[in-house]
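Q: One structure, pasted below without further comment.
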Amino acid sequence: MEERIKAELLAPAGSYAKLMTALHFGADAVYVGGKNFSLRTFADNFTEDELSQAVAIAHELGKKVYVTANIFAKNADFGRLTDYFQFLNSIGADAAIISDPGVVYAAKKAAPTLPIHLSTQANTTNKYAVKFWQEQGLSRVILARELSLGEISEIHEFVPDMELEAFVHGAMCISYSGRCLLSDYLDGRSSNRGACVQSCRWRYEVRALNATNGQSEWLPIEQDEKGTYIFNSKDLNMLSLLREMEQSGVCSFKIEGRMKSGYYLATVINAYRRAMNGEEFSVSETELFNVAHRDYTQAYAQGNNSQTVNYADSQSKGDYTYIADVVKSENGYVFAEMRNRFRAGDILEVLSPDSNFAKTFEAEEIFDSKNENTEDAKLVQEVYKIKCPYNLKKGDYLRRKISV
Numbered sequence: 410m411e412e413r414i415k416a417e418l419l420a421p422a423g424s425y426a427k428l429m430t431a432l433h434f435g436a437d438a439v440y441v442g443g444k445n446f447s448l449r450t451f452a453d454n455f456t457e458d459e460l461s462q463a464v465a466i467a468h469e470l471g472k473k474v475y476v477t478a479n480i481f482a483k484n485a486d487f488g489r490l491t492d493y494f495q496f497l498n499s500i501g502a503d504a505a506i507i508s509d510p511g512v513v514y515a516a517k518k519a520a521p522t523l524p525i526h527l528s529t530q531a532n533t534t535n536k537y538a539v540k541f542w543q544e545q546g547l548s549r550v551i552l553a554r555e556l557s558l559g560e561i562s563e564i565h566e567f568v569p570d571m572e573l574e575a576f577v578h579g580a581m582c583i584s585y586s587g588r589c590l591l592s593d594y595l596d597g598r599s600s601n602r603g604a605c606v607q608s609c610r611w612r613y614e615v616r617a618l619n620a621t622n623g624q625s626e627w628l629p630i631e632q633d634e635k636g637t638y639i640f641n642s643k644d645l646n647m648l649s650l651l652r653e654m655e656q657s658g659v660c661s662f663k664i665e666g667r668m669k670s671g672y673y674l675a676t677v678i679n680a681y682r683r684a685m686n687g688e689e690f691s692v693s694e695t696e697l698f699n700v701a702h703r704d705y706t707q708a709y710a711q712g713n714n715s716q717t718v719n720y721a722d723s724q725s726k727g728d729y730t731y732i733a734d735v736v737k738s739e740n741g742y743v744f745a746e747m748r749n750r751f752r753a754g755d756i757l758e759v760l761s762p763d764s765n766f767a768k769t770f771e772a773e774e775i776f777d778s779k780n781e782n783t784e785d786a787k788l789v790q791e792v793y794k795i796k797c798p799y800n801l802k803k804g805d806y807l808r809r810k811i812s813v
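Laid out in structure tokens, this is it:
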């Protein structure tokens, strides 16, 4: 077993349930959004009561909660922002994530003791910018994704006592550090206000006007038979470079995905946690192909890279089907809330942060919520009782390998 990587594993939580998943699968900290001021307004996000509960639960487990307030604010936002930062400070939030200098100013005035992390949206790409933000009293900078490991090392050497956070996994924007105007231009929804419609993932064609006859027609641009997706980035995957990232001065490894499913988060967090704990690398590497993803890239970690565009529209669906959420184990049975259909005789596999991970069992006996034996578990969200030789825990998942 390799030496443990000590950096913080920071996971997204787009809802209260996903926060519990992230903590269960080994995240050291989570980042969440409230109902306002966050760049993921289409996530479920957290009410003030839920934020308070989230902080209390995380702290009980010795873990942290960072709250996003990373919109590019307008004048009308600041009255509510003042109240919001005072609230975050009162519940013991471990930091606010901010991108706008005006919002940083408001937070420092409203809640001087609330730690501030500078969002990646602020485009911090050099050591002098990091030094500037340190002098403004910020405790951490989330670096732009355009940086190489060499550039991160230079920043760390120049400002050694500043915390540096960097993304290690997930979807990337084709625009510079996520500051995109495309969504607003095409659909009237501003990415920089949290309402991105992911227009970079759309299929694009060119329309030409024939100057001779005045007629216009579509001219297909075909990368393959599906068309072309010229703004669509590959997904980031830095699993094999975690030790180098830590040596470069990164103290927090950030996973993208507040809009992703709980099953996706469980799989990815579990893979990174095990790799960071020094467990067999090939197992974690394989896990990252078990969920939906685009082609992977290490972006600019090794320097300039022109191969970051994902020309294919479709994501790989992964090698497993997500079957059910484990509710509890009791008397040799697991109770699980169904998400995708399964039948008696299917081989189910356990996704868990503990030693039950990757164990399999045959679904020999299945009972519905009326305790009636069934051969076909086809009711979504029905809690089925399945004979199981393992003592599984609430928060574990069941999945089934896809037949080739």
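Counting the sequence shown from 1 gives a position; my numbering is that position plus 409. Beta carbons: idealized from backbone N, C-alpha and C, even for Gly. In this text, all values refer to a predicted model and were calculated from it rather than measured experimentally.
Specify the secondary structure class of ARG703 as computed by DSSP and reduced to three states.
A: Within the sequence shown, residue 703 is the residue found at index 294, counting from 1. Here ARG703 sits in coil by DSSP.
Q: If I measure Cβ to Cβ from LEU697 and keep anything under 7 Å in the same chain, skipping five residues before and after, which residues do I get?
A: For the purposes of this step, residue 697 is taken as residue 288 along the sequence shown, with counting starting at 1. If we look at LEU697 and ignore the five residues flanking it on each side, its Cβ neighbours are ASN646, LEU648, VAL677, ALA680.
Q: Tell me whether the segment 683 to 697 and the segment 524 to 538 touch, counting them as touching only if at least three CB pairs, one residue from each stretch, are closer than 8 Å.
A: Flag = no, the segment 683 to 697 and the segment 524 to 538 do not touch.
Q: State the start and end residues of the unbroken alpha helix (DSSP H) segment that holds GLU560.
A: The residue labelled residue 560 in the question sits at position 151 within the sequence shown. Run containing GLU560: 558 to 567, per the alpha helix (DSSP H) assignment.
Q: Is ARG413 helix, strand or coil when you go by DSSP?
A: Locating residue 413 in the sequence shown gives position 4, where the first residue counts as 1. Correct three-state label for ARG413: coil.
Q: Can you say whether THR477 is buried or exposed, counting buried as having 16 or more other CB atoms within 10 angstroms of its CB?
A: Reading the sequence shown from its first residue, position 68 is the one you call residue 477. It is buried - the Cβ of THR477 has at least 16 other Cβ atoms within 10 Å.
Q: From ARG413 to PRO762, what distance separates their C-alpha atoms?
A: Numbered from its first residue, the sequence shown carries residue 413 at position 4. Numbered from its first residue, the sequence shown carries residue 762 at position 353. So the alpha carbons of these two residues sit roughly 16 Å apart.
Q: Output the distance between the C-alpha atoms of ASP644 and SER691, rounded to the nearest integer angstrom.
A: Along the sequence shown, one-based indexing puts residue 644 at 235. Along the sequence shown, one-based indexing puts residue 691 at 282. So the alpha carbons of these two residues sit roughly 19 Å apart.
Q: If contact is defined by three or more beta carbon pairs under 8 Å, each pair taking one atom from either stretch, is the segment 697 to 710 in contact with the segment 453 to 473?
A: In short, these stretches do not touch, since the Cβ pair count stays below three.
Q: Which same chain residues, not among the five before or five after ALA465, have their C-beta less than 6 Å away from its C-beta?
A: Residue mapping note: residue 465 aligns to position 56 of the sequence shown, counting from 1. Nothing listed; no residue qualifies.
Q: Taking the Cβ atom as the reference point for each residue, do ALA482 and ASP509 lie within a distance shorter than 7 Å?
A: Within the sequence shown, numbered from 1, the residue matching residue 482 stands at position 73. Within the sequence shown, numbered from 1, the residue matching residue 509 stands at position 100. Yes, the pair counts as a contact, with Cβ atoms nearer than the cut-off.
Q: Whose C-beta lies closer than 6 Å to the C-beta of ALA436 among residues of the same chain, with five residues either side of it excluded?
A: On the sequence shown, position 27 is the one that residue 436 refers to. Cβ within range, chain order: LEU418, ALA420, ILE678.
Q: Suppose contacts are defined by Cβ-Cβ distances below 7 Å. Is LEU807 in contact with LYS427 by that definition?
A: Against the sequence shown, residue 807 aligns to sequence position 398. Against the sequence shown, residue 427 aligns to sequence position 18. Cβ atoms of LEU807 and LYS427: not closer than 7 Å.
Q: Check this for me: beta carbons of VAL736 and ASP805, under 7 Å apart or not?
A: Translated into the one-based positions of the sequence shown, residue 736 becomes position 327. Translated into the one-based positions of the sequence shown, residue 805 becomes position 396. Going by C-beta atoms, VAL736 is not nearer than 7 Å to ASP805.
Q: Roughly how many whole angstroms lie between the Cα atoms of LYS794 and VAL743?
A: Position 385 of the sequence shown holds residue 794. Position 334 of the sequence shown holds residue 743. Their backbone Cα atoms lie some 6 Å apart in a straight line.
Q: On the DSSP letters alone, give me the boundaries of the beta strand (DSSP E) that ILE507 sits inside.
A: Mapped onto the sequence shown, residue 507 falls at position 98. Segment 504 to 507, the beta strand (DSSP E) holding ILE507.
Q: Assign SER691 to one of three DSSP states: helix, strand, or coil.
A: Numbered from 1 along the sequence shown, position 282 holds the residue referred to as residue 691. Correct three-state label for SER691: helix.
Q: For THR529 and LEU552, which I take to be in contact (beta-carbon distance under 8 Å), what is that distance rounded to the nearest angstrom?
A: For the purposes of this step, residue 529 is identified with residue 120 of the sequence shown, where counting begins at 1. For the purposes of this step, residue 552 is identified with residue 143 of the sequence shown, where counting begins at 1. That pair is a contact at about 7 Å.
Q: Reducing DSSP to helix, strand and coil, say where TYR729 ends up.
A: Reading the sequence shown from its first residue, position 320 is the one you call residue 729. In this structure, TYR729 counts as strand in the three-state DSSP scheme.
Q: Helix, strand or coil: which one does DSSP assign to GLU544?
A: Counted from its first residue, the sequence shown places residue 544 at position 135. Helix.
Q: According to the neighbour-count rule (16 or more other Cβ atoms, all chains shown, within 10 Å of its Cβ), is SER764 buried or exposed?
A: Here residue 764 refers to the residue found at position 355 of the sequence shown. Its Cβ having fewer than 16 others within 10 Å, SER764 is exposed.
Q: Quick one: using the 10 Å Cβ neighbour count with 16 as the cut-off for buried, is GLU781 buried or exposed?
A: Translated into positions along the sequence shown, residue 781 becomes position 372. With fewer than 16 other Cβ atoms within 10 Å, it is exposed.
Q: Using only CA atoms, which one of TRP611, MET668, GLU739, LYS810 lies nearest to LEU760?
A: For this step, residue 760 is matched to residue 351 along the sequence shown. Out of TRP611, MET668, GLU739, LYS810, LYS810 has the C-alpha closest to the C-alpha of LEU760.
Q: Which residues mark the beginning and the end of the alpha helix (DSSP H) in which PHE487 is found?
A: Taking the first residue of the sequence shown as position 1, residue 487 is located at position 78. Per DSSP, PHE487 belongs to the alpha helix (DSSP H) from 487 to 500.
Q: At 3 residues or longer, what runs of the beta strand (DSSP E) sit wholly inside the segment 427 to 462?
A: Runs of the beta strand (DSSP E) inside the segment 427 to 462: 438 to 442.
Q: How would you label GLU469, buried or exposed, when you count the other beta carbons within 10 angstroms and need 16 or more for buried?
A: By 1-based counting over the sequence shown, the position of residue 469 is 60. So GLU469 counts as exposed.
Q: Thinking C-beta only, is ALA519 closer than 7 Å to PHE541?
A: Working through the sequence shown from its first residue, we reach residue 541 at position 132. Working through the sequence shown from its first residue, we reach residue 519 at position 110. No, these two residues do not count as a Cβ contact at 7 Å.
Q: On a Cα-Cα basis, can you pick out the residue from GLU572, GLU773, ALA767, GLY741 that is closest to PRO524?
A: If you number the sequence shown from 1, residue 524 lands on position 115. Comparing Cα-Cα distances from PRO524 to each of GLU572, GLU773, ALA767, GLY741, the minimum goes to GLU572.
Q: Looking only at its own chain, which residues have a Cβ that is under 6 Å from the Cβ of PRO521, when we skip the five neighbours before and after it?
A: Along the sequence shown, one-based indexing puts residue 521 at 112. Same-chain partners within the cutoff: there are none.
Q: With distances taken Cα to Cα, identify the nearest neighbour of SER653 among GLU665, GLY671, LYS669, GLN707.
A: Position 244 of the sequence shown, counted from the first residue, corresponds to residue 653. Ser is not the amino acid found at residue 653; the sequence shown has Glu there. Taking only the C-alpha atoms, the option nearest GLU653 is GLN707.
Q: Please classify PRO521: does DSSP put it in a helix, a strand, or coil?
A: Counted from its first residue, the sequence shown places residue 521 at position 112. Residue state, collapsed to three classes: coil.
Q: According to DSSP, is PRO510 part of a helix, a strand, or is it coil?
A: Counting from one through the sequence shown, the residue named residue 510 turns up at place 101. PRO510: helix per DSSP, three-state reduction.
Q: According to DSSP, which residues form a beta bridge with ILE551?
A: Residue 551 sits at position 142 when you count from the first residue of the sequence shown. Paired residue(s): GLU574.
Q: Is it buried or exposed for SER738, if we count other Cβ within 10 angstroms and need 16 for buried?
A: Within the sequence shown, residue 738 is the residue found at index 329, counting from 1. By the 10 Å Cβ count, SER738 comes out buried.
Q: In its own chain, which residues sit with a C-beta less than 8 Å from the C-beta of PRO798, not counting the 5 before and 5 after it?
A: Numbered from 1 along the sequence shown, position 389 holds the residue referred to as residue 798. The answer, listed in chain order, is GLY741, PHE770.
Q: Here's the rule I'm using: 16 or more other beta-carbon atoms within 10 Å means buried, otherwise exposed. How should ASP492 be labelled?
A: The residue you call residue 492 lines up with position 83 of the sequence shown. Exposed, since its Cβ has fewer than 16 Cβ neighbours within 10 Å.
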